[in-house]
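Each residue of the sequence shown is one higher than the last, beginning at 1 in the UniProt record's numbering. Built from N, CA and C at the ideal position, the CB exists for glycine as well.
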Amino acid sequence: MRNGLQGIWADRSGASALEFALLAPLFFSVAFSTFEAGWLMTRSTLLDRAVSQVVRLVRVADPQAPKTQTEFKQAICDEAMIIPDCINAVTVEMTEVTSAADFPTSSVSCVDRGAQVQPVVAYKEGGRASIMYVRVCTVADPLTPGIGFALSLPKDSKGGYSLVSTAAFMNEPV
């Protein structure tokens, strides 16, 4: 009996499989977290760029500048390119600022894909030489929702996280 137990303890044939089983989850968690963080940063950068491009059109009163909230959303979606179901996933809030008290103090309202009624946000184009503040929020699904970095992201009822971009500008005087 003793020789049988010593044989089991001396057998090293499954040692590498055991090491792999212990270290693989940690390795994959770090690898997928890196992909998730990179994808989040790419989406965020493209959203910021899209907001910047559309705000520039509004600021200089370009004839092709969006006039309504729906047109502003469509222009954001055309520029951002990688936001799935963009029109339904984006909210655009634009307010005129005449004093420091006019800046929104509430958190940005994002689309809740689990709710039937979506948030109503203010949209006022403002006149020439007026200071404007824009907040754009989109909801995106994580690539790896149950692993690593994606677990720590605050999510809505359907598992999507919010990306927010803001801009403040002055409409060019006539």
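CB contact flag (residue i, residue j, <8 angstroms)
i      : j      : result
Arg43  : Ala167 : no
Ala101 : Glu79  : no
Thr91  : Ser106 : no
Phe149 : Glu71  : no
Met81  : Ile131 : no
Ile87  : Gln74  : yes
8 angstroms Cβ shell around residue i - same chain, five flanking residues per side excluded
i      : result
Ala115 : Ser157
Phe28  : Ile147
Residues near residue i by beta carbon distance below 6 angstroms, same chain, minus five either side
i      : result
Glu93  : Val121, Ala122 and Arg135
Phe32  : Thr144, Ile147 and Gly148
Leu153 : Tyr161
Outcome for residue i when other beta-carbon atoms lying within 10 angstroms are tallied against a minimum of 16
i      : result
Lys124 : exposed
Arg129 : Looking at the sequence provided, one finds Ala at residue 129 rather than Arg. So Ala129 counts as exposed.
7 angstroms Cβ shell around residue i - same chain, five flanking residues per side excluded
i      : result
Gln64  : Leu57
Gly160 : Arg113, Val139, Ala140 and Asp141
Cross-strand partners of residue i (DSSP beta bridge)
i      : result
Ser165 : Val136
Met81  : Bridge partners of Met81: none, in fact.
Val90  : Thr138
Met170 : Ile131
What ranges does the alpha helix (DSSP H) occupy inside the segment 99-159, keeping only unbroken runs of at least 4 residues that lie completely in it?
Scanning the segment 99-159 from its first residue to its last, the whole alpha helix (DSSP H) runs of 4-plus residues come out as 149-152.
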